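If you read the sequence shown in my numbering, its first letter stands for residue 307, the second for the next number, and so on.
Positions of the beta carbon are idealized from the N, C-alpha and C atoms, including for glycine.
Predicted model only: the values in this text are computed from it and were never measured.
The structure under discussion appears below in the form of structure tokens.
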Amino acid sequence: FPPSSPPTTVATMPEDSPAPLTLDPSETACVFIEYQNEFTSEGGKMYPAVKDCLDAVGTLDNSSKLLKAARESGCKVFHVPIAFEKGHNEVSSDPYGVLAGIKGAEAFESSTWSSELYSAMAPVDNEIVVKGKSGLCGFHSTNLDFLLRQNGVKNVVIAGFLTNCCVESTMRAAYERGYKVYTLKDCCAATSVAAHTNSFEHNFVLFSHVTESAEIIAAVSK
307 FPPSSPPTTV ATMPEDSPAP LTLDPSETAC VFIEYQNEFT SEGGKMYPAV
357 KDCLDAVGTL DNSSKLLKAA RESGCKVFHV PIAFEKGHNE VSSDPYGVLA
407 GIKGAEAFES STWSSELYSA MAPVDNEIVV KGKSGLCGFH STNLDFLLRQ
457 NGVKNVVIAG FLTNCCVEST MRAAYERGYK VYTLKDCCAA TSVAAHTNSF
507 EHNFVLFSHV TESAEIIAAV SK
């Protein structure tokens, strides 16, 4: 028998790695939803419900770093608080779901400590505090869309509370309005880690680029 030939080696080319994300700060807005004492601080009515997720994800520390980077790079910064007048008459007298919980707890009452923005995320002079949010979506009862377009924004980076409520509603609305949407797994929080994780794994991938703060910070700092 003739000697067997050595096996043929087929060279394989490594797969191309995706290029690092870059975002033009002049076209990018960071939208911070409901960083208010009610969620972020001991004594807030909603704080006990989100504390486990805040701790597990590192939401507040990561969000503070993102805000700092957004300011330094020249991104537009929008703060989107929610607030209700005393009595919560903006909400039905027979509410259900999440708004029933808010009204029953008298949460986010205007002109009180609970509705004030968290001190570490407080706006500076050139940042916009979006007014009029008394529902779940950051767009629906506000002029957020007008403000974003007036500032030439194409890329919307969303962070805040609650992952599977106001953040998700705002993400979907931004997507349908044609913005390029980025959501941050380490800058949001829900009333359970499972709800937070499941939202990103199953819903957010349909309406946004799911990422983390470090990638966005690098993308706007190039």
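**Q.** Rounded C-alpha distance that separates E396 from S440
**A.** 7 Å
Q.
In the DSSP output, which residue or residues are listed as bridge partners for T476?
A. In DSSP, T476 forms no bridge with anything.
Q: Report buried or exposed for A406, applying the criterion of at least 16 other Cβ atoms within 10 angstroms of its Cβ.
A: exposed
Q) How would you write the range of the alpha helix (DSSP H) that V404 sits in, first residue to last? A) G403 to A411
Q: Would you mind sorting H508 into buried or exposed? The rule is 16 or more other CB atoms within 10 Å of its CB.
A: exposed
Q | With 16 other Cβ atoms within 10 Å as the buried cut-off, status of F452 | A | exposed
(Q) Rounding to the nearest angstrom, what Cα-Cα distance links A525 and P326 in this structure? (A) 8 Å
Q: Would you kindly check if the distance between the Cβ of V462 and the Cβ of A479 is under 7 Å?
A: no
Q: Count the other C-beta atoms from every protein chain shown that fall within 10 angstroms of the C-beta of N343, then say buried if there are 16 or more, exposed otherwise.
A: buried
Q: On the DSSP bridge assignment, give the partners of H515 in chain order.
A: Y488
Q) Start and end of the beta strand (DSSP E) containing V337? A) T334 to I339
Q: Just tell me which of F390, I388, D492 and K460 has its CA closest to the CA of E521.
A: D492
(Q) At the level of alpha carbons, what is the spacing between M319 and L468? (A) Residue placement at M319 is flagged as unreliable, the pLDDT there being 49, under the threshold of 50; the coordinate-derived value follows with that caveat. M319 and L468: Cα-Cα distance of roughly 44 Å.
**Q.** Whether T497 touches A355 by CB criterion (7 Å)
**A.** yes
Q: Give the secondary structure of C493 by DSSP, where H, G and I count as helix, E and B as strand, and everything else as coil.
A: strand
Q) By Cβ distance, which residues of its chain are closer than 7 Å to W419, with the 5 residues on each side in sequence left out? A) N343
Q.
Short of 7 Å in beta carbon distance, which residues of its chain neighbour L360, apart from the five on each side in sequence? Order them along the chain.
A. L366 and A495
Q.
Using only CA atoms, which one of V499, F506, E433 and I388 lies nearest to H446?
A. I388
**Q.** Continuous beta strand (DSSP E) stretch holding A362: start and end
**A.** Counting along the chain, A362 falls outside any beta strand (DSSP E), though it belongs to the alpha helix (DSSP H) covering Y353 to V363.
Q) How should G349 be labelled, buried or exposed, when 16 other C-beta atoms within 10 angstroms of its C-beta is the threshold for buried? A) exposed
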